[in-house]
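For reference, the structure discussed in these notes is given below.
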Amino acid sequence: MFRLQGSKVLAVDLTGDAVKAKNGSMVAYDGEMTFKRLTGGGEGLRGVVGRRLTGERMTVMEVRGQGTCWFADRAAEINLVRLHGDRLRVESENFLAAEAGLRTGTDFTGVRGAAQGNGLFTTTLEGHGQAAILSAGPAVVLRVSDRYPLTVDPGAYVAHQGDLRQTFQSGVTYRTFLGEGGGEAFQIRFEGDGLVYVQPSERRTIAGDL
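In terms of numbering that gives the first Met the number 0, the sequence shown has 178 at position 179, counting the first letter as 1, and numbering is strictly consecutive.
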């Protein structure tokens, strides 16, 4: 159903079924298609209220029909992710599309979201099917295990998948204030079993300015 044409365009073949995609990401289609805007970017009251509280503006549309629809967003790299009954959490700005059978919603991310300046909620996808996520440059997929936890720069974080616990930790030391540290005041630590997607180009975050 999902296939890449190059690295920056997603083609979705539809046979009467539907796909959820970021509003405005359609660049072309053939055949017969209908487009319907979905409220809030997530299912249920929590998704709508959560995005209103945090001021997040991600809007999702449903595309249904017969033919092929092509999606892209600001020439960003597109990465395909397959879910096998597990959950994918992705920054709202990095979501592009998902099969309609995947449940979408929002998840509370606590202080991590506030430090990134991206709100307190992130988009969740759960079930069986494919999703497409965006990254600034080709995303790197890093494995996390009980033996090998992972610490990630919030500006490079894109998404994570599997049974992972995330904690928010401060990297502020006297060296940071002297300009001799790593330049990042906060990091995200992942423990458990799963995958973390990071991009090779950092977005600007509040944490990086502290």
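Here a beta-carbon is modelled for each residue, glycine too, at the ideal position from N, C-alpha and C. Since the model is a prediction, treat every value here as computed from it, not as a measurement.
Beta-ladder partner(s) of residue i, from DSSP
{"i": "E92", "result": "DSSP, once it has assigned bridges, lists no residue as partnering E92."}
{"i": "M32", "result": "G64"}
{"i": "N78", "result": "I132"}
{"i": "E125", "result": "R86 and R102"}
{"i": "A27", "result": "W69"}
Residue i to residue j span [Cα, whole Å]
{"i": "S200", "j": "V140", "result": "14 angstroms"}
{"i": "F34", "j": "S169", "result": "44 angstroms"}
{"i": "D16", "j": "A99", "result": "8 angstroms"}
{"i": "L101", "j": "R2", "result": "17 angstroms"}
{"i": "G84", "j": "G104", "result": "15 angstroms"}
{"i": "D192", "j": "F185", "result": "22 angstroms"}
{"i": "T166", "j": "V89", "result": "16 angstroms"}
{"i": "G136", "j": "T14", "result": "31 angstroms"}
{"i": "R45", "j": "L37", "result": "In this prediction, R45 scores a pLDDT of 46, lower than 50, which makes its location untrustworthy; the coordinate-derived value is nonetheless stated afterwards. Rounded to whole angstroms, R45 to L37 spans 14 angstroms at the Cα level."}
{"i": "A10", "j": "N93", "result": "17 angstroms"}
{"i": "V8", "j": "T150", "result": "30 angstroms"}
Pair within 8 angstroms by beta-carbon distance, residue i and residue j
{"i": "L95", "j": "I132", "result": "yes"}
{"i": "E190", "j": "R164", "result": "yes"}
{"i": "L87", "j": "A130", "result": "yes"}
{"i": "G30", "j": "G66", "result": "yes"}
{"i": "Y156", "j": "N78", "result": "no"}
{"i": "Q160", "j": "V80", "result": "yes"}
{"i": "G64", "j": "M32", "result": "yes"}
{"i": "A74", "j": "S134", "result": "no"}
For residue i, the first and last residue of its enclosing beta strand (DSSP E)
{"i": "R164", "result": "Y156 to S169"}
{"i": "R2", "result": "F1 to L3"}
{"i": "R188", "result": "F185 to V197"}
{"i": "D12", "result": "L9 to K21"}
{"i": "T150", "result": "L149 to V151"}
{"i": "R142", "result": "V139 to V143"}
Integer Cβ distance of residue i from residue j, believed to fall under 8 angstroms
{"i": "R142", "j": "L194", "result": "6 angstroms"}
{"i": "A71", "j": "K19", "result": "Actually they are not in contact, since the Cβ atoms of A71 and K19 sit about 16 angstroms apart, beyond 8 angstroms."}
{"i": "P148", "j": "R188", "result": "6 angstroms"}
{"i": "T123", "j": "S91", "result": "That belief does not hold up - the Cβ atoms of T123 and S91 are roughly 11 angstroms apart, past 8 angstroms."}
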